[in-house]
Amino acid sequence: MAVKTSFTSSISLTHITTATVILEIDGVTFLTDPVFGPAGVEHDITHLFPDAKEQLVTSSLEDPALGLNQLPPIDSVLLSHEDHCDNLDPVGRQLLDGRHVITTMDGAKNLAPRPGVHGIKPWELQTHNIRGVQYEITGTPCCHLPGGEVTGFILHTEAFGHAADGRQNAVWVTGDTIYLEELQQMQHKYHIKLAVMNLGAAKVMHPGQATPLQITMGGSDAARLVREIGIERIVPVHFESWHHFTEFGKELRETFEKEGILDKVSWAVPGIKTQIL
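First residue of the sequence shown: 1, per UniProt numbering; consecutive thereafter.
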């Protein structure tokens, strides 16, 4: 059987807020990291910092561009982690009931008994039938806030075909992570046509750290991975709306231009469906 070398899929993306994205692939609709609460609602995050001596709260600075009642039918939720309010808030959690969800192993335990929730390990490949389409989904490693599990996702389906060198064409959703050299491994099996990258260079004060701890990638980290992995196109998300982000749209654009990858970047306008591939 001849190796398919052309990518025939249609991919559109709608950015809602932070890392919340509608990813439509040939009629199959994925939703990432559901956050739908209004701006200004305070979330208690004291439990994330074991040595905290007082209550810690955070809140979003912007309303989501779409509400729950404006969403299309969702076929699958890709949940990078369930224990941070900027990736899953109480309103977004309503979407998980009766839904197909892929998340971390800890996340699957914490979200039980929802039978549609599946845990995935780093570099584990699972096959899922989503709206009649067979998807191979691989978990990718993440390093975020100490003490919690986070996962990214590589998506491949038959319609993606293969690159000319035989590698599988794929879509990568990074999840919340700093730069990891280990991520270079994906280039041996996959040609990443599109990466949805959680950026913002988020930083927090953490016990044992004299300076703020970086917990997500910045623009230079994204550029490094574009070069190392050979990513064809990226969509930056997760760089607005919260106080702990340190690189916003202006800074990212400047970095991408300096790094020479601006031509590989597609910018999503919140609430507007954008054709990417």
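Using N, Cα and C, we set each Cβ at its ideal position, and we do this for glycine too.
| Item | Value |
| --- | --- |
| Paired residues, beta bridge with residue 122 - DSSP | 139 |
| Inter-residue Cα distance where the pair is residue 157 and residue 245 | 34 Å |
| From 247, 77, 86 and 161, residue whose alpha carbon lies closest to that of residue 98 | 77 |
| Contact under 9 Å by Cβ, residue 17 with residue 65 | yes |
| Three CB pairs or more closer than 8 Å across the region 171-181 and the region 138-148 | yes |
| Residue 248 - containing beta strand (DSSP E), residue span | Run containing residue 248: none; DSSP gives neither H nor E here. |
| Those runs of the beta strand (DSSP E) which lie wholly inside the region 153-201 and span at least 3 residues | 168-173 and 190-198 |
| C-alpha gap between residue 86 and residue 152, whole angstroms | 16 Å |
| According to DSSP, residues forming a beta bridge with residue 273 | Answer is none; residue 273 lacks a bridge partner. |
| Rounded Cβ spacing between residue 200 and residue 239 (contact assumed at less than 8 Å) | 4 Å |
| Beta-bridge partners of residue 41, as assigned by DSSP | Answer by DSSP bridge pairing: none, since residue 41 is not bridged. |
| Closest by C-alpha distance to residue 84, when choosing among 104, 254 and 186 | 104 |
| Supposed contact pair residue 226 and residue 194 - C-beta distance, whole angstroms, cut 8 Å | That belief does not hold up - the Cβ atoms of residue 194 and residue 226 are roughly 12 Å apart, past 8 Å. |
| Buried/exposed call for residue 39, threshold 16 Cβ in 10 Å | exposed |
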